[in-house]
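>
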Amino acid sequence: MDLEFASLPIQERYKLLASLVIPRPIAWISTVNAQGVNNCAPYSFFNAFAEDPPLCMISFGPRQDGLTKHTLKNIQDTGEFVVNLVDEATANAMHLSAEEIPEAESEFEKTGLTPAPALRVRHPRIAEAPVSFECRVYKTLEISPARVFVFGEIILLHAREGIVDPLTKRIDEAHYQPIGRLYANRYCTTRQRFALPGELPE
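And the structure:
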């Protein structure tokens with residue numbers, strides 16, 4: 030099968046990309062709005078893109094009502110945000126926090142999550158998350174009225190005890206069980222890992 034993307038409706042393009050480019054890491058972004066309401070929501074059009082400067086990127090689309098997502102609005106208002114990563118223990122809370130709720134309500138309260146103070150940004154991190162990156166906006170790129178890329182410079186890392194070796198900075202796989210996004214309400218674990226022969230550069 031060959032498909033010319035230019036001939037496809039936008040929603041069909043999205044479904045194909047979201048269903049084929051899998052698994053994807055999940056950015057569980059936490060922010061606080063001008064009224065002091067803590068917000069968190071998951072985004073899977075996300076990845077790490079550079080180490081010098083250390084950059085991650087999140088792609089934002091509109092809400093179902095066509096308005097700007099609360100997370101993006103809070104980022105644009107403050108120039109900061111926190112990316113929390115998701116493991117098996119936090120998967121259900123992450124999935125529940127994807128529900129679009131009024132701006133005056135908090136996903137933290139609805140899902141039973143704990144906001145923890147960040148050290149370098151004004152937004153909270155998710156205490157239950159295995160890893161959190163405190164970020165400042167490096168660049169924003171408006172691809173179209175319905176799609177905005179936010180590049181964040183990672184300025185501080187929080188990790189649950191046991192995940193990162195304090196001396197070598199290597200990850201202990203036994204203590205880190207992230208999940209990946211597939212499509213719709215489907216996810217995958219990273220339990221079945223394997224190594225291939227041959228040496229790779231550090």
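Note that the sequence shown covers residues 30 to 231 in the numbering used here.
Glycine is no exception: its CB is placed at the ideal position from the N, C-alpha and C atoms.
Would ASN113 and ARG151 be called neighbours here (beta carbons separated by less than 8 Å)?
Against a cut-off of 8 Å, the Cβ pair of ARG151 and ASN113 comes out as no contact.
> Grab the span of the alpha helix (DSSP H) containing LEU125 for me, first residue to last.
Element bounds for LEU125: 120-125.
> Starting from GLU138, trace the alpha helix (DSSP H) in both directions and tell me its first and last residue.
First-last of the alpha helix (DSSP H) with GLU138: 136-140.
> Rounded to whole angstroms, what is the Cα-Cα separation between PHE180 and ILE87?
C-alpha separation (whole angstroms): 7 Å.
> Report back the beta-carbon spacing between ALA70 and GLU157 to the nearest angstrom; my notes put them in contact at under 8 Å.
The Cβ separation is near 15 Å, so there is no contact.
> On a CA-only basis, which of ASP194, GLU190, LEU225 and CYS164 is nearest ALA6? Give me that one, please.
Outside the displayed span of the chain (30 to 231) sits residue 6, for which this structure offers no information.
> How would you call ALA203, buried or exposed, if buried means at least 16 neighbouring beta carbons within 10 angstroms?
Exposed, because fewer than 16 other Cβ atoms sit within 10 Å of the Cβ of ALA203.
> Return the bridge partner residues of ARG154 from the DSSP annotation.
DSSP lists ALA145 as partners of ARG154.
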